[in-house]
Amino acid sequence: MAATEGDQFLKQATGPKTRGLLRVIILVLIAGAAVSSRLFSVIRFESIIHEFDPWFNFRATKYLVANGFYDFWDWFDDRTWHPLGRVTGGTLYPGLMVTSGVIYHFLRFLTLPVDIRNICVLLAPAFSGLTAFATYLLTNEMVSSPSAGLLAAAFMGITPGYISRSVAGSYDNEAIAIFLLVFTFFLWIKAVKLGSMFWGALTALFYGYMVSAWGGYVFITNLLPLHAFVLICMGRYSPRLYVSYTSWYALGTLASMQIPFVGFLPIRSSEHMSALGVFGLIQLVAFVEFVRAQLPSKQFQTLLRALVVLIFVVAVGGLVLLTVGGVIAPWTGRFYSLWDTGYAKIHIPIIASVSEHQPTAWPAFFFDLNLMIFLFPAGVYMCFRTLTDEQVFIVIYSVLASYFAGVMVRLMLTLTPIVCVAAAMAFSQILDTYLDAKTPKVDAKTAENGSSEPAKVAAAAVLSDGLRSTRNPLVGIYSYASRVTVVGFSAIYLLIFVLHCTWVTSNAYSSPSVVLASRLPDGSQHIIDDYREAYYWLRQNTPENAKIMSWWDYGYQIGGMADRPTLVDNNTWNNTHIATVGKAMSSKEEVSYPIMRQHEVDYVLVVFGGLLGYSGDDINKFLWMVRIAEGIWPEEVKERSFFTPRGEYRVDEGATDTMKNSLMYKMSYYNYNSLFPAGQAQDRVRNVRLPSEGPQLNVIDEAFTSENWIIRIYKVKDLDNFGRDHHSAVSFDKGHKKKRAAKRKGPKVLRVE
Amino acid sequence: MAPKNRNPAATQSSTQTVPSTPAAAPKPSSSSTKKPGSGGAYDAQDIVLGIWNKYVEKTPQRVKLLDTFMGFLVVVAVLQFLYCIIVGNFPFNAFLSGFSATVGQFVLTASLRIQTNPENKSEFENISHERAFADFVLGSFLLHFFCVNFIN
Chain U
0 MAATEGDQFL KQATGPKTRG LLRVIILVLI AGAAVSSRLF SVIRFESIIH EFDPWFNFRA
60 TKYLVANGFY DFWDWFDDRT WHPLGRVTGG TLYPGLMVTS GVIYHFLRFL TLPVDIRNIC
120 VLLAPAFSGL TAFATYLLTN EMVSSPSAGL LAAAFMGITP GYISRSVAGS YDNEAIAIFL
180 LVFTFFLWIK AVKLGSMFWG ALTALFYGYM VSAWGGYVFI TNLLPLHAFV LICMGRYSPR
240 LYVSYTSWYA LGTLASMQIP FVGFLPIRSS EHMSALGVFG LIQLVAFVEF VRAQLPSKQF
300 QTLLRALVVL IFVVAVGGLV LLTVGGVIAP WTGRFYSLWD TGYAKIHIPI IASVSEHQPT
360 AWPAFFFDLN LMIFLFPAGV YMCFRTLTDE QVFIVIYSVL ASYFAGVMVR LMLTLTPIVC
420 VAAAMAFSQI LDTYLDAKTP KVDAKTAENG SSEPAKVAAA AVLSDGLRST RNPLVGIYSY
480 ASRVTVVGFS AIYLLIFVLH CTWVTSNAYS SPSVVLASRL PDGSQHIIDD YREAYYWLRQ
540 NTPENAKIMS WWDYGYQIGG MADRPTLVDN NTWNNTHIAT VGKAMSSKEE VSYPIMRQHE
600 VDYVLVVFGG LLGYSGDDIN KFLWMVRIAE GIWPEEVKER SFFTPRGEYR VDEGATDTMK
660 NSLMYKMSYY NYNSLFPAGQ AQDRVRNVRL PSEGPQLNVI DEAFTSENWI IRIYKVKDLD
720 NFGRDHHSAV SFDKGHKKKR AAKRKGPKVL RVE
Chain X
0 MAPKNRNPAA TQSSTQTVPS TPAAAPKPSS SSTKKPGSGG AYDAQDIVLG IWNKYVEKTP
60 QRVKLLDTFM GFLVVVAVLQ FLYCIIVGNF PFNAFLSGFS ATVGQFVLTA SLRIQTNPEN
120 KSEFENISHE RAFADFVLGS FLLHFFCVNF IN
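Chain order of the listed sequences is U and X.
Quick note: the first sequence uses numbering that gives the first Met the number 0, first residue 0, plus one each step.
Quick note: the second sequence uses numbering that gives the first Met the number 0, first residue 0, plus one each step.
Shown next as structure tokens:
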């Protein structure tokens with residue numbers, strides 16, 4: 000009641016100016032909420048860069064700030080992918096680094112001495128505030144009700160689906176890309192509505208920014224043409240569409256080609272061909288429309304239509320031919336895996352091995368979007384009812400994004416904005432209907448018309464097949480009771496949504512994963528800081544140029560935190576090199592040693608969670624190493640031999656010999672027995688008892704093991720001074736007497752006989 | 000509101016396509032004449048002439064100017080393309096930026112033409128001719144900035 004009265008009061012007592020002010024205040028508050036809900040990790044832990052990729056971005060940003068833009072653009076990084084190196088400047092999306100570099104220099108200019116690390120940590124929350132604002136703008140273009148925009152902004156600000164990639168410290172491309180995505184869509188809708196070159200050019204500019212920031216720009220590249228195409232197919236071609244689409248495409252494509260990593264892709268690869276095709280088509284359609292306007296004859300018009308279809312078919316055929324002929328690059332593996340979820344697992348294990356490329360589990364939708372996932376279809380349905388040009392966009396976007404989000408976990412991110420918009424539309428419809436304090440005026444009219452109207456309504460209700468436009472539903476609520484009930488329940492749902500979002504954010508998405516937290520029995524928090532401990536050990540105890548071999552997941556972190564050259568890292572551009580590391584990890588010591596010598600490896604780093612029960616360790620990732628190595632050397636590495644005859648993946652007594660002899664197994668469990676009473680060694684991740692006899696290492700020495708044994712670092716031995724192989728050297732050192740005794744015994748026995 | 004106006008048009012045209020299939024006989028001749036230009040059946044010639052006359056009479060001088068510019072751009076683009084085919088595309092950046100400069104400029108000019116054409120007044124109520132021209136200038140600036148940057 001209070002709410003409705005307040006609303007009424009506002010409507011009567013305030014002019015548009017006050018409402019505008021209120022709107023600004025609400026938006027600022029929403030942005031504040033969006034930023035502050037992302038700060039859990041900073042408060043719980045510290046201002047630290049999270050996870051893996053952000054460490055590279057952070058390192059690149061530091062390089063940019065230290066060496067300037069041109070050096071950054073031409074950056075050849077010889078400290079990764081040893082001995083190959085990486086043309087980093089040409090193989091990254093520079094938008095993120097440049098953005099934070101600009102902010103850094105701007106703040107310096109204002110004489111605010113801010114550390115670049117803090118800018119990087121807080122960039123994602125700051126941009127989430129902007130995203131909320133962009134969502135507001137986008138939603139406002141869709142519906143007339145301004146409350147929908149505010150709701151959408153609030154949804155976007157706190158929904159876990161977006162927070163998952165934008166908490167403070169997750170300094171990743173998505174941090175700014177989602178803002179750019181939503182804002183580009185807003186500009187596009189604006190351009191289509193007004194048919195203005197100005198908005199089209201702005202769309203192109205932000206599209207270019209988006210291209211420079213995230214590989215997901217392909218989504219825009221395909222969605223906008225699809226929108227235009229659908230509009231044309233619906234017979235809704237208009238000069239406005241021509242102006243907006245062509246000005247976007249002509250400028251946007253050129254803008255995207257400025258990024259070295261994208262380069263000629265927009266005219267060479269299949270992913271971009273739809274945009275080019277629709278560009279051609281729209282020229283054709285415009286030309287035909289132009290001629291048609293001049294023509295009297297109807298037959299000729301149909302003829303022209305036939306001409307369009309013909310040219311279109313020929314063009315598509317030509318495109319297919321060019322693709323088959325190899326002029327245009329076919330779809331890349333990642334895109335195939337979007338159509339065929341099994342594709343990556345068979346052909347490109349390196350893509351399938353990334354957990355965020357897995358298909359989404361159903362609960363994830365509810366987990367990330369909560370009540371919006373129910374409102375989402377309602378909002379899309381509402382778009383169907385009116386179906387203006389921009390609402391067609393919502394429908395297309397939601398269909399496409401739902402599909403992609405189902406295929407790949409990380410693409411939930413692209414689904415989130417449209418879910419927020421659609422859900423806000425549905426929700427605001429409910430609120431607008433039920434918060435309207437006036438009893439409907441239609442009431443009076445129907446009462447006057449009396450006899451005929453109710454009959455019609457009844458007929459329409461019975462014959463539900465009646466045309467939708469002829470049915471004119473009476474919208475309006477009569478009783479206050481129903482109003483209070485519905486509004487009250489909506490408010491409760493919203494509160495639950497807020498609670499859920501906060502809970503998810505604080506529990507699931509705010510862990511830096513570089514620093515782990517656990518609870519002690521008394522409930523206090525215990526920080527497990529093994530990663531940094533180990534990386535700083537590397538930084539301080541190894542020579543500047545010591546090459547570290549580890550699985551690629553840790554490459555960026557080693558580069559960023561330990562500042563040591565690595566063999567492979569998360570930029571998985573060279574599959575063979577990764578497979579080499581995989582082979583070294585999964586083979587016997589005698590095989591691995593030459594590989595490591597050839598790559599000048601000084602230290603090997605493994606992650607082992609057995610002591611702590613940390614499940615993301617290398618033994619659990621081990622099968623992917625085997626698979627990737629098998630992809631290159633099917634003769635030498637075989638996945639089958641890591642499984643027991645019964646098909647189990649075991650690390651205990653029953654493990655296969657190949658498993659037990661693999662370097663990874665040995666490095667993980669070396670000396671692990673010494674922590675436990677004899678025969679009691681326990682692996683807490685896999686919950687098995689380990690063999691009483693621990694593995695022996697010959698070619699490497701244990702150099703460092705972190706507090707909780709999560710990181711173990713081994714030094715690769717130099718060649719033996721006496722030219723022996725390492726096995727005999729080690730056994731010589733260890734079993735000094737045993738070996739000699741064996742040697743003596745032999746001849747002795749002979750002599751006796 | 001706009002789509003509602005256009006929907007009936009769409010349905011009309013789709014109904015038209017159905018009777019047009021028997022009338023496919025004149026199709027090849029007229030289409031072939033239309034593309035090469037003059038000569039051929041009287042029908043086609045008449046129609047082309049009719050279009051031309053109507054164009055000359057009814058189009059404002061400014062729009063004609065724009066059309067000339069667009070024609071010039073098409074010629075330049077075709078020349079570049081021919082050069083690319085005959086001589087080779089060695090500085091591919093240069094070819095691309097040159098070619099896309101002409102295409103982009105063509106498109107922008109076409110947009111300007113559409114926006115300033117009095118026939119389309121209803122579509123672009125909010126856009127005055129001055130605004131359209133300002134947009135055009137902005138778009139061209141951006142276009143040529145990108146092209147120059149891309150040309151290497």
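For every residue, glycine included, the Cβ atom is placed at its ideal position computed from N, Cα and C.
Since the model is a prediction, treat every value here as computed from it, not as a measurement.
U:R685 (DSSP reduced to helix, strand or coil): Along the first sequence, one-based indexing puts residue 685 of chain U at 686. Of the three classes helix, strand and coil, the one that applies to U:R685 here is coil, per DSSP.
DSSP beta-bridge partners of X:K53: Walking along the second sequence from the start, residue 53 of chain X turns up at place 54. Its beta-bridge partners do not exist; DSSP assigns none.
Cutoff 7 Å; reference U:H226; Cβ partners in own chain excluding five residues on either side: Sequence index remark: in the first sequence, residue 226 of chain U carries index 227 (1-based). Excluding residues within five positions, the ones whose Cβ falls inside 7 Å are V391, F392 and I395.
Below-8 Å beta-carbon distance, U:M256 vs any chain X residue: As a working note, residue 256 of chain U is residue 257 in the first sequence. Output row for U:M256: interface = yes.
Sequence-distant residues of the same chain with beta carbon closer than 6 Å to U:F218, five excluded per side: The residue you call residue 218 of chain U lines up with position 219 of the first sequence. Once the five neighbours on either side are set aside, the close Cβ partners of U:F218 are T413.
Buried or exposed (CB count within 10 angstroms, at least 16 for buried), U:Y479: As a first step, residue 479 of chain U is located in the first sequence; it is residue number 480 there, counting from the start. Classified as exposed, U:Y479 has fewer than 16 neighbouring CB atoms from the shown chains inside 10 Å of its CB.
Reduced DSSP secondary structure (H/G/I, E/B, other) of U:M407: On the first sequence, position 408 is the one that residue 407 of chain U refers to. Of the three classes helix, strand and coil, the one that applies to U:M407 here is coil, per DSSP.
Buried or exposed (CB count within 10 angstroms, at least 16 for buried), U:L223: Position 224 of the first sequence, counting from 1, holds the residue named residue 223 of chain U. Buried, by the Cβ-count rule.
Cβ-based burial, U:K189 [other Cβ within 10 Å; buried from 16]: As a working mapping, residue 189 of chain U is identified with position 190 in the first sequence. Buried.
Simplified DSSP assignment, three categories, for U:K714: Taking the first residue of the first sequence as position 1, residue 714 of chain U is located at position 715. Correct three-state label for U:K714: strand.
Among U:I231, U:R239, U:Y206 and U:I710, the one whose alpha carbon lies nearest that of U:M256: In the first sequence, counting from the first residue as 1, residue 256 of chain U sits at position 257. Of U:I231, U:R239, U:Y206 and U:I710, the residue nearest in Cα terms is U:Y206.
Candidates U:V684, U:S705, U:S673 and U:N686: closest to U:Q695 by CA position: Taking the first residue of the first sequence as position 1, residue 695 of chain U is located at position 696. Of the candidates U:V684, U:S705, U:S673 and U:N686, the one whose C-alpha sits nearest the C-alpha of U:Q695 is U:S673.
Distance between U:Y553 and U:H90 (C-alpha atoms, nearest Å): Position 91 of the first sequence, counting from 1, holds the residue named residue 90 of chain U. Position 554 of the first sequence, counting from 1, holds the residue named residue 553 of chain U. Before going further, note that residue 90 of chain U is Thr rather than His in the sequence given. Pairing U:T90 with U:Y553, the inter-Cα distance amounts to about 19 Å.
Nearest-angstrom Cβ-Cβ length linking U:G148 and U:Y135, presumed shorter than 8 Å: As a first step, residue 148 of chain U is located in the first sequence; it is residue number 149 there, counting from the start. As a first step, residue 135 of chain U is located in the first sequence; it is residue number 136 there, counting from the start. The pair is a contact, with the Cβ atoms about 4 Å apart (cut-off 8 Å).
Beta-carbon spacing of U:G558, U:R78 below 8 Å: One-based indexing of the first sequence puts residue 558 of chain U at position 559. One-based indexing of the first sequence puts residue 78 of chain U at position 79. Yes, the pair counts as a contact, with Cβ atoms nearer than the cut-off.
Pairwise C-alpha distance: U:V41 and U:V514: Working through the first sequence from its first residue, we reach residue 514 of chain U at position 515. Working through the first sequence from its first residue, we reach residue 41 of chain U at position 42. Taking the straight line joining both Cα atoms gives about 12 Å.
Contact the region 166–178 of chain U vs the region 226–244 of chain U: 3+ CB pairs below 8 Å: Touching, no, given that fewer than three Cβ pairs across the two stretches are closer than 8 Å.
Stretch pair the region 23–33 of chain U + the region 126–145 of chain U: three plus CB contacts closer than 8 Å: yes
Where the alpha helix (DSSP H) through U:M233 begins and ends: As a position in the first sequence, residue 233 of chain U is number 234, starting the count at 1. Unbroken run through U:M233: none, as it is neither H nor E.
Expected contact under 8 Å - CB spacing of U:Y713 and U:L689 to nearest Å: Reading the first sequence from its first residue, position 714 is the one you call residue 713 of chain U. Reading the first sequence from its first residue, position 690 is the one you call residue 689 of chain U. The pair is not a contact, with the Cβ atoms about 19 Å apart (cut-off 8 Å).
Given U:G276 as reference, the closest of U:I258, U:A249 and U:A292 once Cα atoms are compared: The residue given as residue 276 of chain U occupies position 277 in the first sequence. The shortest Cα separation from U:G276 among U:I258, U:A249 and U:A292 belongs to U:A249.
Under 8 Å between C-beta atoms of U:S246 and X:S96: As a first step, residue 246 of chain U is located in the first sequence; it is residue number 247 there, counting from the start. As a first step, residue 96 of chain X is located in the second sequence; it is residue number 97 there, counting from the start. No. Outside cutoff.
Local conformation of U:E701 per DSSP, three classes: Here the question's residue 701 of chain U lines up with position 702 in the first sequence. In the structure shown, the three-state DSSP call for U:E701 is strand.
CA-to-CA distance, U:P238 to X:P59, given in whole angstroms: To locate residue 59 of chain X, count along the second sequence from 1; it is residue 60. To locate residue 238 of chain U, count along the first sequence from 1; it is residue 239. In a straight line, the C-alpha of X:P59 is about 18 Å away from that of U:P238.
Alpha-carbon to alpha-carbon, U:Q681 and U:Y62: The count along the first sequence starts at 1 and reaches residue 62 of chain U at position 63. The count along the first sequence starts at 1 and reaches residue 681 of chain U at position 682. Between U:Y62 and U:Q681, the C-alpha separation is close to 44 Å.
Any chain U beta carbon closer than 8 Å to X:F80: Start at 1 with the first residue of the second sequence, and residue 80 of chain X comes out as number 81. It does not: the Cβ of X:F80 has no partner Cβ on chain U nearer than 8 Å.
Boundaries (first-last residue) of the beta strand (DSSP E) holding U:D601: By 1-based counting over the first sequence, the position of residue 601 of chain U is 602. Start and end: V600 to V606.
Chain U contact residues for X:F89, given Cβ-Cβ distances below 9 Å: For the purposes of this step, residue 89 of chain X is identified with residue 90 of the second sequence, where counting begins at 1. Those within 9 Å of X:F89 in chain U number zero; the least Cβ separation is about 14 Å.
Cα-Cα separation, U:N619 to U:N506: The residue given as residue 619 of chain U occupies position 620 in the first sequence. The residue given as residue 506 of chain U occupies position 507 in the first sequence. One C-alpha to the other measures close to 24 Å.
Interface flag, U:S268 vs chain X, CB-CB below 8 Å: Your numbering for residue 268 of chain U matches position 269 in the first sequence. It does not; no Cβ of chain X falls within 8 Å.
Contacting positions in the region 108–138 of chain X - beta carbon closer than 9 Å to chain U: Against chain U - using a Cβ distance shorter than 9 Å - the residues of the region 108–138 of chain X are A109, S110, L111, I113, Q114, N116, E118, N119, E122, F123, N125, I126, R130, A131, A133, D134, F135, L137 and G138.
Paired residues, beta bridge with U:Q524 - DSSP: As a first step, residue 524 of chain U is located in the first sequence; it is residue number 525 there, counting from the start. DSSP, once it has assigned bridges, lists U:R518 as partnering U:Q524.
Nearest-angstrom Cα separation, counted from U:I627 out to U:H499: On the first sequence, position 500 is the one that residue 499 of chain U refers to. On the first sequence, position 628 is the one that residue 627 of chain U refers to. C-alpha separation (whole angstroms): 39 Å.
Completely contained beta strand (DSSP E) runs for the region 62–97 of chain X, where each covers 3 or more residues: none
N-terminal and C-terminal residue of the beta strand (DSSP E) that U:K61 is part of: Stepping through the first sequence from its first residue, residue 61 of chain U is reached at position 62. Taken as a continuous stretch (DSSP letters only), U:K61 belongs to no beta strand (DSSP E), being part of the alpha helix (DSSP H) at D52 to N66.
Partner residues on chain X for U:L253, Cβ-Cβ distance less than 8 Å: To locate residue 253 of chain U, count along the first sequence from 1; it is residue 254. Contact annotation for U:L253 against chain X: S96, S99, G103, L142, F145, C146 and F149 [CB-CB distance below 8 Å, chain order].
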